[in-house]
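In what follows, a single structure is set out as C-alpha cells and then discussed.
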Amino acid sequence: MNSAVSTPAFASLVTAWRKSSRSEPTANCVQVAAAGAGAARRIGVRDSKFPSGPDLWFTPAVWAAFVDQTRRQPGAQIRDGGVITGHIPAEQVPADFHRDDKVFEPGRPAITMRGTAGLDGPVLYFTEVEWEAFVAGVTAGEFDDLPGGLAEEPGRPSR
Numbered sequence: 601m602n603s604a605v606s607t608p609a610f611a612s613l614v615t616a617w618r619k620s621s622r623s624e625p626t627a628n629c630v631q632v633a634a635a636g637a638g639a640a641r642r643i644g645v646r647d648s649k650f651p652s653g654p655d656l657w658f659t660p661a662v663w664a665a666f667v668d669q670t671r672r673q674p675g676a677q678i679r680d681g682g683v684i685t686g687h688i689p690a691e692q693v694p695a696d697f698h699r700d701d702k703v704f705e706p707g708r709p710a711i712t713m714r715g716t717a718g719l720d721g722p723v724l725y726f727t728e729v730e731w732e733a734f735v736a737g738v739t740a741g742e743f744d745d746l747p748g749g750l751a752e753e754p755g756r757p758s759r
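Under this note's numbering, residues 601 to 759 are what the sequence shown spells out, in order.
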C-alpha cells in the first residue's frame, strides 16, 4: 500500500492523536498519529472535528515525502508522492463538513487532502487557519518522529 486508505484497523491501534503546537488549544485542527510497526506502520491524518472519520493512512515513505515537499513549498498544492492536497472554494465543501464551529468562509479557499490511490476514496477538508497551523508544525519538525515511532513528549498537544 503506497498511498492512503481510510480504515478503522489502524485507527484502533492509535494511542494518541496530536496536533501542531501552532494550532489553537480548543479549535479544530489537523491531527496526526502513528500506528503499527515495521512494514505495517502507517501515519494517520484526520480532522479533530470528526474523530470517527474519515481518516487517511500513509506509509512512512509517503509521509516522509509529503513532509519534505511541504517544507520545501509550504503553501503549494501537492500532486505526487502518494498525497494530493488542493484548494477549492469554501462553497464547494460538502455540507457534512460544516459542523458546529467549523466555518469555511465564503470567498476563501478550503484545503483538501487525499491519497493518490483510489481517487474516489476519502477526502479531508480543512480551513486555511487549520492547514496553516499544521504546515507550521510540519515545517518546525513536530511530526518527524512519526515514521519511526510515536514519541510521547511532555507538553506536546495530543487533542
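Here a beta-carbon is modelled for each residue, glycine too, at the ideal position from N, C-alpha and C.
- Taking the Cβ atoms as the reference, residue 648 lies roughly 5 Å from residue 628, within the contact range of under 8 Å.
- Judged by their CB atoms, residue 631 and residue 641 are not nearer to each other than the 9 Å cut-off.
- Beta-bridge analysis with DSSP links residue 715 to 683.
- Straight through space, the alpha carbons of residue 665 and residue 698 are spaced by roughly 30 Å.
- Excluding residues up to 5 positions away in sequence, 654, 712, 713 and 714 lie with their Cβ nearer than 8 Å to the Cβ of residue 723 in the same chain.
- Of all alpha-carbon atoms in 662, 678 and 624, the one lying nearest the alpha-carbon of residue 746 is that of 662.
- One alpha carbon belongs to residue 692, the other to residue 621, and they sit about 29 Å apart.
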